[in-house]
Amino acid sequence: MPIPLREGSLALLLLSGIGLCWLGVYSYRRWDEPGAGSFAAVAVILGLGAISSSVVVLTGSAAVPDTNVPLWTDIGLIAWAVAMVPWFLFALMYTGHKIDVGWKTVLAVFVPIGGIGLIVVLRVADSVEVPVVANLIGTFSLLYIVALLAVGCYLLLRTTYEYGHLALSQGLSLAVASITPLILVNSTSMMAGETSDLLVFGVFAVAFVVPAGGFALAVFRYRMFESTPAIGALGERAIPRETDDLVIVVDRDDRVIKLNEAAAETLADSPSSPLGESFESLTCLSVPSLQEAETVELETNAGSRKFDPQVTSFTDQHNRRLGSLLSLRDVTERELRKQRLEVLNRVLRHNLRNRVDVIKSNAEVITDETDSDYAATIRNSADELAELSSTARTIDELLSRQPATTHGDLPETIQELTPTDADVAVTLDIPDSASLETDWEALRVALKNAIENAIKHAKQSVTVAVEALPGGYSISISDDGSGIPDSELASLSAETETSLQHSTGLDLWQLKWSVTKFNGELSFDVTDGTTVRIEVPNQSA
């Protein structure tokens, strides 16, 4: 019996198929976000299923069979089943649970759905009875596909619910669009021969109209690919759970996607108020300017504070930027302490140098007018203060500059720094040549310090030896003096000075900091005199 108004349902089905194919191609060409390709595959596969079903109806019998399941419903079911593989992958990539999906993963997900195709083929062949084993495989495949559908829907619904810049209705439209074909296509199979043909065709057409409308709504109304939640998921995994640093996740357009509790309390009125807003509106700074700055000053809920910024970019499998993880460490107290030390250091060194010159001038006048030894004592003390000031200046200049590695010859440098007119015997046990790439300015300061102090405190002899090590050299400077006092070494080991535990000068600190500057190792042996051992890594090794 001819189907009344059949043409209307078929036209609706055909238009839905064409619309889904167009939407898939448009999404693939327009968007370059995680999951866009898989979403396009879902739309195209469902669209081809709808078009194929229309063609079968138009070229086949005009009536719905009373006993057998219509072929066009099988085509629709297969199209939906196949589409659930890219649907699942789309959900994984779009929500950021797995950005890099290879062909092995695709094949592993796809293989179990083959049972659906087997059942359809056997069912189309009317003369062949479907084996029990095939029915079991088909049932397993259907449950597997439903599981892919359910997991995909769950990930999308949870993500759109959790992320403030996304609408929950976006997740609902995607979930409904993916579930509807399963329900309605199976309904047409059960309705065949039980109800009017017009209703069967109408229900089948709606099975593809709903995904066409739902997908279009998500793409154009909710603009789901303009700010994908993948960066939020990646950023959330990267945010430390317990930290005082302000941590903010932004998407590729620098809109705030996530922020930790410290950032919300410091910069925002509430944890959700900055979500979806630009980072610049939150901090008055752009992400590129933050990336270039060493220290930034921000207005916070507690007033103006200084922060050290760190910007880490997230990329997808094609090395395209998805967004960034911004970390801001409050360094207000550190900067104040640094500024205070710089001012005090500069003022004290300047004033100390001037006062020392005055003291020495007056001491010389006293020497000319009297035979007392007091003038010599004053002059010697002034020289020691001047030397202390000079050492402080050297340390400040060394630690303030940026490290710079160059090539040099270690034995040549040692010979240059070793005085030839020392009051004690100096023995050099060094190779003819030892090429080294390191921070030579810092190394020269360390060697000069160690050699001069060894000569100063030695009784009769000093030995400088160089030994090759894997990846560098070991330099030993030994003297036969009384050894460095334990209190001096204790201060150095504690890395601080107290009123009860302190050194008598800056020489050891200068040595330690200069060795640290070129990433070396420093050790002392005071069992028999003093041996200073400096291990220098070769930066070219």
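Just so you know, we're using the numbering used here here: the sequence shown kicks off at 773 and counts up by one. Every residue gets a Cβ at the ideal spot worked out from N, C-alpha and C, and that includes glycine.
N- and C-terminal bounds of the alpha helix (DSSP H) containing residue i
i, result
"F1296", "Segment 1293-1297 is the beta strand (DSSP E) holding F1296; no alpha helix (DSSP H) there."
"V1217", "1212-1229"
"G848", "843-866"
"T1314", "Any answer about residue 1314 is impossible in this case: the structure gives the chain only from 773 up to 1313."
"L1062", "1059-1064"
Residue i - containing beta strand (DSSP E), residue span
i, result
"S826", "Note, S826: premise wrong, no beta strand (DSSP E); alpha helix (DSSP H) at 808-831."
"V1236", "1233-1241"
"I1020", "1018-1023"
"G1180", "1178-1181"
"V1068", "1068-1072"
Residue of the options minimising C-alpha distance to residue i
i, options, result
"S1286", "I1256, I790, E1307", "E1307"
"L1098", "S1259, A1226, I1029", "I1029"
"A998", "A1197, V1196, T1235, E805", "Note that residue 998 corresponds to Glu in the displayed sequence, not to Ala. The shortest Cα separation from E998 among A1197, V1196, T1235, E805 belongs to E805."
"P1203", "S1246, S950, T1149", "S1246"
"L970", "V991, S781, Y935", "S781"
"Y798", "G985, A949, V991", "V991"
"S945", "T1104, G986, S1153, E1136", "G986"
"Q1063", "E1049, M856, D1080, L940", "D1080"
"I1020", "A977, Q1082, E1069", "Q1082"
"D1251", "P1257, I1227, S1259", "I1227"
"G1075", "S941, V975, G1255, T1038", "T1038"
"A1320", "S950, N1152, S1205", "Coverage of the chain is limited to positions 773 through 1313, which leaves residue 1320 absent and any answer about it impossible."
"C925", "S941, S1248, R1101, V1137", "S941"
"F811", "S825, L786, P842, F860", "F860"
"I1256", "F1296, G1095, P1242", "F1296"
"T1302", "K1231, T1055, E1239, P1309", "K1231"
"N1032", "D1025, D1023, S1044", "S1044"
"I1249", "D1258, G1243, D846, A1218", "A1218"
"T1177", "A1148, W1212, R1151", "W1212"
"G1243", "E1224, T1288, G1292", "G1292"
"E779", "A939, L795, S826", "S826"
Cβ distance (whole Å) where residue i is taken to contact residue j below 8 Å
i, j, result
"I790", "I823", "7 Å"
"V923", "A863", "7 Å"
"G848", "A979", "6 Å"
"T1235", "T1199", "5 Å"
"Q1311", "T1210", "6 Å"
"V1304", "A1222", "5 Å"
"L921", "L954", "7 Å"
"V975", "L956", "5 Å"
"L820", "C793", "7 Å"
"T1087", "L1094", "6 Å"
"H1179", "S1207", "7 Å"
"L1280", "E1260", "6 Å"
"V1059", "D1023", "Incorrect: roughly 11 Å between the Cβ atoms, too far for contact."
"E1069", "K1078", "5 Å"
For residue i, three-class secondary structure by DSSP
i, result
"L1030", "At residue 1030 the sequence reads Lys, which differs from the Leu that was named. Correct three-state label for K1030: strand."
"L1200", "strand"
"T960", "helix"
"L1094", "strand"
"A1188", "Residue 1188 is actually Glu in this sequence, not Ala. Helix."
"E1209", "strand"
"T722", "Residue 722 falls outside the range modelled here, since the chain spans only 773 to 1313, and no answer is possible."
"L785", "helix"
"L792", "helix"
"D1279", "helix"
"F997", "coil"
"S1044", "coil"
"E1269", "Its pLDDT being 44, under 50, E1269 is placed unreliably in this model, and the value from its coordinates should be taken loosely. Reduced to three states, the DSSP call for E1269 is coil."
"T839", "With a pLDDT of 48 at T839, under the threshold of 50, the predicted position of this residue should be treated as unreliable, and no value is reported."
"A870", "The residue asked about is misnamed: residue 870 is Lys in this sequence, not Ala. Correct three-state label for K870: coil."
"E779", "helix"
"D1155", "helix"
"P916", "In the sequence on display, residue 916 carries Tyr and not Pro. Y916: helix per DSSP, three-state reduction."
"A939", "coil"
"I1256", "coil"
"S1312", "coil"
Residues that residue i bridges to, as DSSP identifies them
i, result
"Q1082", "S1099"
"E1307", "S1246, E1293"
"R802", "Per DSSP, none; premise fails for R802."
"R930", "R930 pairs with nothing; no bridge assigned."
"G1075", "T1072"
"D1251", "V1234, T1302"
"T1087", "R1093"
The ligand FAD heavy atom lying under 7 Å from the CB of residue i
i, result
"T1299", "Summarising the ligand content, the structure contains no ligands, and the ligand FAD is consequently not present."
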